[in-house]
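Undergrad:
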Amino acid sequence: KLTREFFSIGFPAFIQLAAEPLAALVDTAYLGRLGPDVLGGAGVAISAQYAVSKLYNDPLLRTSISLVASTDGQARGGELDDKNVDVKSQAVNNEKKLSIAVSSALLLAFCVGVIQLFVYSLFASSITRGMGLSFQNPMYQSAFSYLRVRALGTPAATLWLVSNGIFRGLGDTRTPLIYSLIFTALNAILDPLFIFTFGFGASGAAAGTALAQYIALIPLMMALNRKVNIDIFGQLPELKSSLKAYIKAGGLVLFRTLAKVLAYSICARKAAGLGSVAAAAYNLTFQLGFATTQICEAVAVAVQTLLARELADNQTHSPAIKAKLVRHLINTSLFIGGTVATCLSLTTFLQRDSILRGLTSNTAIREASVVIFPAVLLTQIFKGLAYPVNGIIMGGLDWVFSMIAMWGANIISLGMIGFWSLGGTVTLEQIWLALAAFMATQVVTGIIRYESKTGIWKVL
Numbered sequence: 001k002l003t004r005e006f007f008s009i010g011f012p013a014f015i016q017l018a019a020e021p022l023a024a025l026v027d028t029a030y031l032g033r034l035g036p037d038v039l040g041g042a043g044v045a046i047s048a049q050y051a052v053s054k055l056y057n058d059p060l061l062r063t064s065i066s067l068v069a070s071t072d073g074q075a076r077g078g079e080l081d082d083k084n085v086d087v088k089s090q091a092v093n094n095e096k097k098l099s100i101a102v103s104s105a106l107l108l109a110f111c112v113g114v115i116q117l118f119v120y121s122l123f124a125s126s127i128t129r130g131m132g133l134s135f136q137n138p139m140y141q142s143a144f145s146y147l148r149v150r151a152l153g154t155p156a157a158t159l160w161l162v163s164n165g166i167f168r169g170l171g172d173t174r175t176p177l178i179y180s181l182i183f184t185a186l187n188a189i190l191d192p193l194f195i196f197t198f199g200f201g202a203s204g205a206a207a208g209t210a211l212a213q214y215i216a217l218i219p220l221m222m223a224l225n226r227k228v229n230i231d232i233f234g235q236l237p238e239l240k241s242s243l244k245a246y247i248k249a250g251g252l253v254l255f256r257t258l259a260k261v262l263a264y265s266i267c268a269r270k271a272a273g274l275g276s277v278a279a280a281a282y283n284l285t286f287q288l289g290f291a292t293t294q295i296c297e298a299v300a301v302a303v304q305t306l307l308a309r310e311l312a313d314n315q316t317h318s319p320a321i322k323a324k325l326v327r328h329l330i331n332t333s334l335f336i337g338g339t340v341a342t343c344l345s346l347t348t349f350l351q352r353d354s355i356l357r358g359l360t361s362n363t364a365i366r367e368a369s370v371v372i373f374p375a376v377l378l379t380q381i382f383k384g385l386a387y388p389v390n391g392i393i394m395g396g397l398d399w400v401f402s403m404i405a406m407w408g409a410n411i412i413s414l415g416m417i418g419f420w421s422l423g424g425t426v427t428l429e430q431i432w433l434a435l436a437a438f439m440a441t442q443v444v445t446g447i448i449r450y451e452s453k454t455g456i457w458k459v460l
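For what it's worth, UniProt numbering labels the leading residue of the sequence shown as 1, then goes sequentially.
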């Protein structure tokens, strides 16, 4: 039964997470036709936006999945039940608790989205220069214009992300899949319209993506409201305790995400310092690698949702059965994540020439990308394993360890960058090897943690 649930959650999420990165690849493919300065500038802007938004969005997504799934698990196990009320009243009470968990997550998401809107709008120039592009750099204008326009879509992007997290926490990945496909199709249609027809260049890619997300968000929110009653203003006093839980867990995930963002930002900055061709090659391979292993997050979604639910339910199964179920989820997620990442990476490597020709017409960018492909795909294999390992840790609501492990990975990867910098300029291949170490460290420390059978993992 648990295996069927794993695949019923994981398979639609697999398709969605395969489709969503296509939006970024669509941007890359269209902008690649405009030359290395535009593609490299947009790549720096995407890296900057990814870095800044990760600080806010990762905590929102991770906590919404685990805390909604945990509330759902407590309700299923009867732990929210009040023995003094009848079954019908108890069902209404459980629905209200779930409504509070969902409404508080959406309220927090909206506030964070508005904050991001102001951050990108007011500090686009500072962020761009902070990524290593001076005013005189030919990539500066493309990066700056992309960031300014993309800022308009951040509230929609944040609400979209958290709504997906809530659906995942409820074990429903089919509904967000439908609207994700609509978003991807709209983005593919609107991008060339804004980039080429209207002549907006890099900012056109940002405009197409933002508009597509706003259009797809409306029916997604309506579908969520049909599943769980969204009532923010009517339940405002009751949201306080739920918001505290989100903020407490989110604070730890925020500090964890800071380590991830710092590693990605420094790597992107080092690549930008190597020139427009190297920056474009880094952007292209980063987006391609991201698309390849982002699919493995489907495994993380399934294991995080089911682990959080099973660990919160202390009534349905005996401790021995519960231990077997948790172990089964861990082993299944690691096997599938590793297998999928390895197969996709090998396929990408074997088809590298045709894939690169499809993403850029610039020969210099293709040649620079081919050289670093082995290191890129090694990183993706480790990343494919890191997804389920991190999903396991967060499914256990083991927020403190998750933060510590990420900082350990950060120190190792940036230490490698620093060591190579002593000998002169860091190469693109060395940047990707440091990222490979970053992913591998997360895998090793995560496995050591749950195999220690301490804390929440005593259940094993």
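Cβ atoms here follow ideal geometry from the backbone N, Cα and C, with glycine treated the same way.
(1) With DSSP collapsed to three states, give me the class of P138.
(2) Taking only the alpha-carbon atoms, compute the straight-line gap between A259 and N410 and give it to the nearest angstrom.
(3) Nearest-angstrom Cα distance between L288 and L17?
(4) Is I232 helix, strand or coil when you go by DSSP?
(5) Under the rule that 16 or more other beta-carbon atoms within 10 Å means buried, what is R168, buried or exposed?
(6) To the nearest angstrom, how far is the alpha carbon of Q141 from that of F135?
(7) To which residues of the same chain is A272 closer than 7 Å at the C-beta, ignoring the five residues directly before and after it?
(8) Terminal residues of the continuous alpha helix (DSSP H) containing D191?
(9) By Cβ distance, which residues of its chain are closer than 6 Å to A29, with the 5 residues on each side in sequence left out?
(10) Which residues in the same chain as A75 place their Cβ atom closer than 6 Å to its Cβ, once the five residues preceding and following it in sequence are excluded?
(11) How would you call G10, buried or exposed, if buried means at least 16 neighbouring beta carbons within 10 angstroms?
(12) With distances taken between CB atoms, is the gap from T158 to Q116 smaller than 8 Å?
(13) Tell me the residue span of the alpha helix (DSSP H) that contains N164.
(14) So, at 8 Å on beta carbons, what are the nonlocal neighbours of L25 in its own chain, with the 5 sequence-adjacent residues on each side left out?
(15) Closest to S180 by C-alpha separation, out of A223, Q49, L252, would be which residue?
(16) Taking G113 as the reference, give the member of L460, A386, K324, D58 with the closest Cα.
(17) Buried or exposed: G150, going by 16 or more other Cβ atoms within 10 Å of its Cβ?
(18) If I measure Cβ to Cβ from K227 and keep anything under 6 Å in the same chain, skipping five residues before and after, which residues do I get?
(19) Would L161 pass as a contact of L190 if the rule is Cβ separation under 8 Å?
(20) Please check the pair S413 and A434, which I expect to be a contact at CB under 8 Å, by giving their CB distance rounded to whole angstroms.
(21) Mind the definition here: the segment 318-329 touches the segment 33-44 only if three or more C-beta pairs lie below 8 Å; say whether that holds.
(22) Who are the near neighbours of A308 in its chain, counting only those whose CB is closer than 6 Å to its CB and skipping five residues on each side?
(23) Going along the chain, which residues of its own chain have a beta-carbon closer than 6 Å to the beta-carbon of W420, five neighbours each way excluded?
(24) Can you tell me which of the three DSSP states S361 falls into?
(25) Straight-line CA distance for G73 to A263?
(26) When the distance is taken between beta carbons, is A185 closer than 8 Å to I127?
(27) If I'm right that G446 touches N390 with Cβ under 8 Å, what's the distance once you round it to whole angstroms?
(28) Distance, Cα to Cα, I215 vs N187?
(29) Between the alpha carbons of S64 and A109, how many angstroms are there, rounded?
(30) Identify which residue in Y450, A405, E451, S452 has its Cα closest to the Cα of F438.
(31) Over what stretch of residues does the alpha helix (DSSP H) that includes K244 continue unbroken?
(32) Using only alpha-carbon positions, find the residue among D27, V102, W432, L329 that is nearest to E460.
(33) Using DSSP with H/G/I as helix, E/B as strand and the rest coil, what is F198?
(34) Just how far apart, CA to CA, sit A436 and G234?
(35) Taking only three categories from DSSP, how would you classify Q315?
TA: With the structure as the only source:
(1) Residue mapping note: residue 138 aligns to position 138 of the sequence shown, counting from 1. Three-state DSSP puts P138 in coil, outside helix and strand.
(2) Numbered from its first residue, the sequence shown carries residue 259 at position 259. Numbered from its first residue, the sequence shown carries residue 410 at position 410. If you take the alpha carbons of A259 and N410, they lie about 6 Å apart.
(3) If you number the sequence shown from 1, residue 288 lands on position 288. If you number the sequence shown from 1, residue 17 lands on position 17. Looking at the two C-alpha atoms, the distance is approximately 13 Å.
(4) By 1-based counting over the sequence shown, the position of residue 232 is 232. If DSSP states are grouped into helix, strand and coil, I232 belongs with coil.
(5) By one-based count along the sequence shown, residue 168 stands at place 168. Its Cβ being crowded by 16 or more others within 10 Å, R168 is buried.
(6) For this step, residue 141 is matched to residue 141 along the sequence shown. For this step, residue 135 is matched to residue 135 along the sequence shown. Cα to Cα, the separation comes out at about 8 Å.
(7) Residue 272 sits at position 272 when you count from the first residue of the sequence shown. Contacts found: V44, M131, G132, L133, A279.
(8) The count along the sequence shown starts at 1 and reaches residue 191 at position 191. 174-192 is the span of the alpha helix (DSSP H), which, as asked, contains D191.
(9) In the sequence shown, counting from the first residue as 1, residue 29 sits at position 29. Cβ neighbours of A29 beyond the five flanking positions: L359.
(10) Translated into positions along the sequence shown, residue 75 becomes position 75. Same-chain partners within the cutoff: N94.
(11) As a first step, residue 10 is located in the sequence shown; it is residue number 10 there, counting from the start. Buried: at least 16 other Cβ atoms inside 10 Å.
(12) By 1-based counting over the sequence shown, the position of residue 158 is 158. By 1-based counting over the sequence shown, the position of residue 116 is 116. A contact, by the Cβ cut-off of 8 Å.
(13) Position 164 of the sequence shown holds residue 164. Note, N164: alpha helix (DSSP H), 154-169.
(14) As a first step, residue 25 is located in the sequence shown; it is residue number 25 there, counting from the start. The answer, listed in chain order, is Q287, L288, A291, L359.
(15) Taking the sequence shown and counting its residues from 1, the one referred to as residue 180 is at position 180. Among A223, Q49, L252, the Cα nearest to that of S180 belongs to A223.
(16) Translated into positions along the sequence shown, residue 113 becomes position 113. Looking at the Cα atoms, D58 is the closest of the given residues.
(17) For this step, residue 150 is matched to residue 150 along the sequence shown. The residue asked about is misnamed: residue 150 is Arg in this sequence, not Gly. Burial call: buried.
(18) In the sequence shown, counting from the first residue as 1, residue 227 sits at position 227. Around K227: no qualifying Cβ.
(19) Residue 161 sits at position 161 when you count from the first residue of the sequence shown. Residue 190 sits at position 190 when you count from the first residue of the sequence shown. Not in contact: L161 and L190 (Cβ atoms no closer than 8 Å).
(20) Taking the first residue of the sequence shown as position 1, residue 413 is located at position 413. Taking the first residue of the sequence shown as position 1, residue 434 is located at position 434. Yes, they are in contact, since the Cβ atoms of S413 and A434 sit about 4 Å apart, within 8 Å.
(21) no
(22) Residue 308 sits at position 308 when you count from the first residue of the sequence shown. Counting only Cβ-Cβ distances below 6 Å, and skipping sequence neighbours, we find S66, A69, S70, G395.
(23) Here the question's residue 420 lines up with position 420 in the sequence shown. V426, Q430.
(24) For the purposes of this step, residue 361 is identified with residue 361 of the sequence shown, where counting begins at 1. Coil, per DSSP.
(25) In the sequence shown, residue 73 corresponds to position 73, counting from 1. In the sequence shown, residue 263 corresponds to position 263, counting from 1. C-alpha separation (whole angstroms): 35 Å.
(26) Taking the first residue of the sequence shown as position 1, residue 127 is located at position 127. Taking the first residue of the sequence shown as position 1, residue 185 is located at position 185. Result no, Cβ atoms of I127 and A185 do not sit closer than 8 Å.
(27) Translated into the one-based positions of the sequence shown, residue 446 becomes position 446. Translated into the one-based positions of the sequence shown, residue 390 becomes position 390. About 7 Å separates the two Cβ atoms, so the contact holds.
(28) Looking up residue 215 in the sequence shown gives position 215. Looking up residue 187 in the sequence shown gives position 187. Spanning the two alpha carbons is a distance of roughly 10 Å.
(29) Taking the first residue of the sequence shown as 1, we reach residue 64 at position 64. Taking the first residue of the sequence shown as 1, we reach residue 109 at position 109. So the alpha carbons of these two residues sit roughly 10 Å apart.
(30) If you number the sequence shown from 1, residue 438 lands on position 438. The candidate whose alpha carbon is nearest that of F438 is A405.
(31) Position 244 of the sequence shown, counted from the start, is the residue given in the question as residue 244. Here the alpha helix (DSSP H) through K244 covers 239-272.
(32) Position 460 of the sequence shown, counted from the first residue, corresponds to residue 460. One detail in the question is off: residue 460 reads as Leu in this sequence, not Glu. When only C-alpha atoms are compared, the closest one is L329.
(33) Locating residue 198 in the sequence shown gives position 198, where the first residue counts as 1. Coil at F198, not helix or strand.
(34) Here the question's residue 436 lines up with position 436 in the sequence shown. Here the question's residue 234 lines up with position 234 in the sequence shown. When rounded, the distance between both Cα atoms is 48 Å.
(35) Working through the sequence shown from its first residue, we reach residue 315 at position 315. Q315 falls in the coil class under three-state DSSP.
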